[in-house]
Amino acid sequence: MASHNEAPILNAPAAVRWIVGLTVAVHVLRSLLPVPSDDWVLETFGFIPARYQAAAGGGNDLFAMVVSPFSHLFLHADWMHLTMNMAFFLAFGSAVGRRMGAAQLLILYFLCGLAAAFFWAYLYQPQQALLLGASGAVSGMVGAAARVSIWPPRHSSSAIPFWRRSTIITFVVIWLLLNVGFGIFPVLVSNSYSGIAWEAHLGGFIAGFVLIGAFDGRGRLMAVATPFGLQEGHRTMTQNYSTATAARPMDALESLLTRSSVPARMLREPAPDGAELEVILETAMRAPDHASLRPWRFLIIRGDARRQLGELFADALCRRDPLADGAAREKELSRPMRSPLIVVVCADIVEGNPKVPAVEQIVTCGAAAQNMLNAAHAMGYAGIMLTGKNAHDPFVKQALGLKPKDEIIGFLYFGTADGEARPKKRPAAASFAREWTGREPAA
599 MASHNEAPIL NAPAAVRWIV GLTVAVHVLR SLLPVPSDDW VLETFGFIPA
649 RYQAAAGGGN DLFAMVVSPF SHLFLHADWM HLTMNMAFFL AFGSAVGRRM
699 GAAQLLILYF LCGLAAAFFW AYLYQPQQAL LLGASGAVSG MVGAAARVSI
749 WPPRHSSSAI PFWRRSTIIT FVVIWLLLNV GFGIFPVLVS NSYSGIAWEA
799 HLGGFIAGFV LIGAFDGRGR LMAVATPFGL QEGHRTMTQN YSTATAARPM
849 DALESLLTRS SVPARMLREP APDGAELEVI LETAMRAPDH ASLRPWRFLI
899 IRGDARRQLG ELFADALCRR DPLADGAARE KELSRPMRSP LIVVVCADIV
949 EGNPKVPAVE QIVTCGAAAQ NMLNAAHAMG YAGIMLTGKN AHDPFVKQAL
999 GLKPKDEIIG FLYFGTADGE ARPKKRPAAA SFAREWTGRE PAA
């Protein structure tokens, strides 16, 4: 599993790596060509609006007319131009690409590039100009990121961590202002004019913003519906999951076999939020649940509520031990501040059920907690479940709004791992299993 600490190129989805690799390879090959040959490549595969204007003498090169709206994305003016485009594509393309399958990202990328080219051709007057570069498609990734941050699509699905809304929105606003005012991508190369094809950027941005709704969550291994479209999304999730796992069965196994608890002191921002947190909670609903009692309850604690939880822990300590010193109280105060997000998993025990005793309901809630930890790990986050005296303290349970019969299964701490935790040495599973071959003799 990739982690947040890996280099962006190593952590990028496969489709992003393919596009970056092919784009760089094309630029390297062009650098080896003699000037006349490179000029032919630019004229044939670059986007020239005049081809579509019979009055300008174009329109007779059918091959170039069909190919150039897409092939121009792989042609760049120089290494700086290429580096800027690929750097932004690695950032925004990865963020968007993690929300869909490889085929979906490729289609979205080329559609945004197509829209950008013709939007530029419509607004930009010198029809003999030549459009080069991937920035139109990259701008589509920026638009898609803005859309899912500001206004999530109805069937939104997030299977890996996405940038925090405030960060995305702030950057998009700055990007738009810079793009309109000064331009940050050296895209346009022309015989008569060199500058920034802001029109292409704007067209790509609009296309990505509009089209992401048709692609978000499609084709992923574990596409899961959020409350924006829960009923219909469940059917989509089941179809996507069963199809994808048949083709890539090791993905889910790798996630399960590589998960381990990360100490709460090592958990930092960002933590799962928004659609990501909804997905994590949705995985809890998949825990084994005899008689469909759904005994699990979840308390989400973040922000200033963590400080209040710390005060509750400190008060509970003083009730349990009136002689507790200041250091012990300070430890309880700081305990919830170790990570940016805490989910308290509780069991709302259904008493007197003839089929499902309380212990089985507690096990069900424990399975829900495990699902949540596994989901967070699959998204690239880290977590740990802690209990201790606070989990069994009646004063704490009452302050959290629980009834005396209810149980706190554990406090799940979530965040992004700050560094690598020391891996635990796991004993062989075979030492805990044996094959039963028949009834044991009576003692």
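Per my numbering, the sequence shown runs over residues 599 to 1041.
Using N, Cα and C, we set each Cβ at its ideal position, and we do this for glycine too.
Worksheet item: How would you label R696, buried or exposed, when you count the other beta carbons within 10 angstroms and need 16 or more for buried?
Response: As a first step, residue 696 is located in the sequence shown; it is residue number 98 there, counting from the start. In this structure R696 is buried. Its beta-carbon is surrounded by 16 or more other beta-carbon atoms within 10 angstroms.
Discussion item. With distance defined between alpha-carbon atoms, name the residue in R649, V618, L865 nearest to T1014.
Written reply: Residue mapping note: residue 1014 aligns to position 416 of the sequence shown, counting from 1. When C-alpha distances from T1014 are compared across R649, V618, L865, the shortest belongs to L865.
Discussion item. Do L851 and R900 have their beta-carbon atoms positioned less than 8 Å apart in this structure?
Written reply: Taking the first residue of the sequence shown as 1, we reach residue 900 at position 302. Taking the first residue of the sequence shown as 1, we reach residue 851 at position 253. No, they are not a contact pair.
Item to complete: Just the C-alpha distance for I960 and V614, rounded to the nearest angstrom, thanks.
Response: Locating residue 960 in the sequence shown gives position 362, where the first residue counts as 1. Locating residue 614 in the sequence shown gives position 16, where the first residue counts as 1. C-alpha separation (whole angstroms): 43 Å.
Worksheet item: What's the C-alpha gap between A974 and P934?
Response: If you number the sequence shown from 1, residue 974 lands on position 376. If you number the sequence shown from 1, residue 934 lands on position 336. When rounded, the distance between both Cα atoms is 19 Å.
Worksheet item: So, using beta-carbon positions, are I898 and V941 closer together than 8 Å?
Response: Start at 1 with the first residue of the sequence shown, and residue 898 comes out as number 300. Start at 1 with the first residue of the sequence shown, and residue 941 comes out as number 343. Cβ atoms of I898 and V941: closer than 8 Å.
Practice prompt. Can you have a look at A821 and say buried or exposed, based on whether 16 or more other CB atoms are within 10 angstroms of its CB?
Written response: Here residue 821 refers to the residue found at position 223 of the sequence shown. Because the pLDDT of A821 is 36, which lies under 50, any placement of that residue in the model is unreliable, and the question is left without a value.
Item to complete: Starting from the Cα of G981, find the closest Cα among V948, M883, I878 and give me that residue.
Response: On the sequence shown, position 383 is the one that residue 981 refers to. When each option's Cα is compared against that of G981, the closest is I878.
Fill in: Proximity winner among S733, M678, G872, relative to A714 (alpha-carbon distances)
Residue mapping note: residue 714 aligns to position 116 of the sequence shown, counting from 1. The alpha carbon of A714 has as its nearest neighbour, out of S733, M678, G872, the alpha carbon of S733.
Item to complete: Label K1023 either buried or exposed according to how many other C-beta atoms from any shown protein chain fall within 10 Å of its C-beta, with 16 as the threshold for buried.
Response: Position 425 of the sequence shown, counted from the start, is the residue given in the question as residue 1023. Around the beta carbon of K1023, fewer than 16 other beta carbons lie within 10 angstroms, which makes this residue exposed.
Item to complete: Output the residue ranges of the beta strand (DSSP E) runs that lie fully inside the segment 644-713 and measure 3 residues or longer, sorted by chain position.
Response: None, since the segment 644-713 contains no complete beta strand (DSSP E) of that length.
Worksheet item: Looking at the unbroken alpha helix (DSSP H) that takes in W796, where does it start and where does it end?
Response: Counting from 1 along the sequence shown, the entry for residue 796 is found at position 198. Under the DSSP assignment, W796 falls in the alpha helix (DSSP H) whose first and last residues are 796-813.
Worksheet item: Excluding sequence positions up to five away, which residues of its chain have a Cβ less than 8 Å from the Cβ of P667?
Response: Within the sequence shown, the letter at position 69 stands for residue 667. Within the same chain, and ignoring the five residues on either side of P667 in sequence, the residues whose Cβ sits closer than 8 Å to its Cβ are F645, G711, L712, A715, F716.
Worksheet item: In three-state DSSP terms, what is M739?
Response: Locating residue 739 in the sequence shown gives position 141, counting from the first residue. In the structure shown, M739 sits in a helix (DSSP, three-state: H, G or I).
Worksheet item: Excluding five sequence neighbours on each side, which residues of the same chain lie with their C-beta closer than 7 Å to the C-beta of V807?
Response: The residue you call residue 807 lines up with position 209 of the sequence shown. In the sequence as displayed, the identity of residue 807 is Phe instead of Val. Closer than 7 Å at Cβ, skipping near neighbours: G741, A742, A744, R745.
Item to complete: Compare the C-alpha of E797 against each of F813, L730, R863, R857 and name the closest.
Response: On the sequence shown, residue 797 is found 199 positions in, with the first residue counted as 1. The candidate whose alpha carbon is nearest that of E797 is L730.
Worksheet item: Can you name the residues that DSSP bridges to V941?
Response: Within the sequence shown, the letter at position 343 stands for residue 941. V941 is bridged to I898, L1010.
Worksheet entry | Option nearest S692 by Cα separation, candidates L800, P611, L728 | Working through the sequence shown from its first residue, we reach residue 692 at position 94. Out of L800, P611, L728, the CA that lies nearest to the CA of S692 is found in P611.
Worksheet item: Where does K987 land, buried or exposed, given buried means 16+ other C-beta within 10 angstroms?
Response: Mapped onto the sequence shown, residue 987 falls at position 389. Residue environment analysis places K987 among the exposed positions, since fewer than 16 neighbouring C-beta atoms fall within 10 angstroms of its C-beta.
Item to complete: State yes or no: is the C-beta of A869 within less than 8 Å of the C-beta of F1012?
Response: Position 271 of the sequence shown, counting from 1, holds the residue named residue 869. Position 414 of the sequence shown, counting from 1, holds the residue named residue 1012. A contact, by the Cβ cut-off of 8 Å.
Worksheet item: What separation, rounded to the nearest whole angstrom, lies between the Cα atoms of H625 and S669?
Response: Translated into the one-based positions of the sequence shown, residue 625 becomes position 27. Translated into the one-based positions of the sequence shown, residue 669 becomes position 71. When the Cα atoms are used, H625 and S669 turn out to be separated by approximately 12 Å.
Worksheet item: How is the beta strand (DSSP E) around I1057 delimited, first residue to last?
Response: As shown, the chain starts at 599 and ends at 1041. That puts residue 1057 outside it, with no answer to give.
Discussion item. Looking at the secondary structure, which residues open and close the alpha helix (DSSP H) in which M970 lies?
Written reply: Here the question's residue 970 lines up with position 372 in the sequence shown. Its alpha helix (DSSP H) spans residues 956-976.
Worksheet item: What is the rounded straight-line gap between the Cα of L709 and the Cα of L688?
Response: The residue labelled residue 709 in the question sits at position 111 within the sequence shown. The residue labelled residue 688 in the question sits at position 90 within the sequence shown. Each residue's alpha carbon lies about 18 Å from the other.
Worksheet item: Starting from G924 and walking both ways along the alpha helix (DSSP H), at which residues does that stretch end?
Response: In the sequence shown, counting from the first residue as 1, residue 924 sits at position 326. Here the alpha helix (DSSP H) through G924 covers 924-932.
Worksheet item: M682 and V618: beta carbons closer than 8 Å?
Response: By 1-based counting over the sequence shown, the position of residue 682 is 84. By 1-based counting over the sequence shown, the position of residue 618 is 20. Cβ distance not < 8 Å, so M682 and V618 don't count as in contact.
Discussion item. Using the three-state DSSP reduction, which class does I982 fall into: helix, strand or coil?
Written reply: On the sequence shown, residue 982 is found 384 positions in, with the first residue counted as 1. I982: strand per DSSP, three-state reduction.
Item to complete: Would you kindly report the start and end of the unbroken alpha helix (DSSP H) that includes P992?
Response: Within the sequence shown, numbered from 1, the residue matching residue 992 stands at position 394. Run containing P992: 992-997, per the alpha helix (DSSP H) assignment.
Discussion item. Using the Cβ count rule (16 or more neighbours within 10 Å means buried), how would you classify T1035?
Written reply: Translated into the one-based positions of the sequence shown, residue 1035 becomes position 437. A residue is called buried once 16 or more other Cβ atoms fall within 10 Å of its Cβ, and T1035, having fewer, is exposed.
Practice prompt. Can you tell me which of the three DSSP states K1022 falls into?
Written response: Taking the sequence shown and counting its residues from 1, the one referred to as residue 1022 is at position 424. The DSSP-derived three-state label of K1022 is coil.
Worksheet item: What did DSSP end up calling L1000 once you bin it into helix, strand or coil?
Response: Reading the sequence shown from its first residue, position 402 is the one you call residue 1000. L1000 sits in coil when the DSSP states are folded into three classes, being neither helix nor strand.
Practice prompt. Could you have a look at E909 and say whether DSSP puts it in helix, strand or coil?
Written response: Residue 909 sits at position 311 when you count from the first residue of the sequence shown. Residue state for E909 is assigned as helix, using DSSP reduced to three classes.
Item to complete: For L984, I'd like the list of residues in its chain whose CB is within less than 7 Å of its CB, leaving aside the five on either flank, ordered along the chain.
Response: For the purposes of this step, residue 984 is taken as residue 386 along the sequence shown, with counting starting at 1. Closer than 7 Å at the Cβ level, and outside the excluded window around L984, lie A862, G1008, F1009, Y1011.
Practice prompt. Would you kindly work out how many angstroms separate the C-alpha atoms of L907 and H674, rounded to a whole number?
Written response: On the sequence shown, position 309 is the one that residue 907 refers to. On the sequence shown, position 76 is the one that residue 674 refers to. One C-alpha to the other measures close to 55 Å.
Fill in: N-terminal and C-terminal residue of the alpha helix (DSSP H) that W616 is part of
As a first step, residue 616 must be located in the sequence shown, where it is residue number 18. Start and end: 612-630.
Worksheet item: Excluding five sequence neighbours on each side, which residues of the same chain lie with their C-beta closer than 8 Å to the C-beta of A735?
Response: Translated into positions along the sequence shown, residue 735 becomes position 137. The answer, listed in chain order, is L671, F687, Y707, F708, C710, G711, A714, G802.
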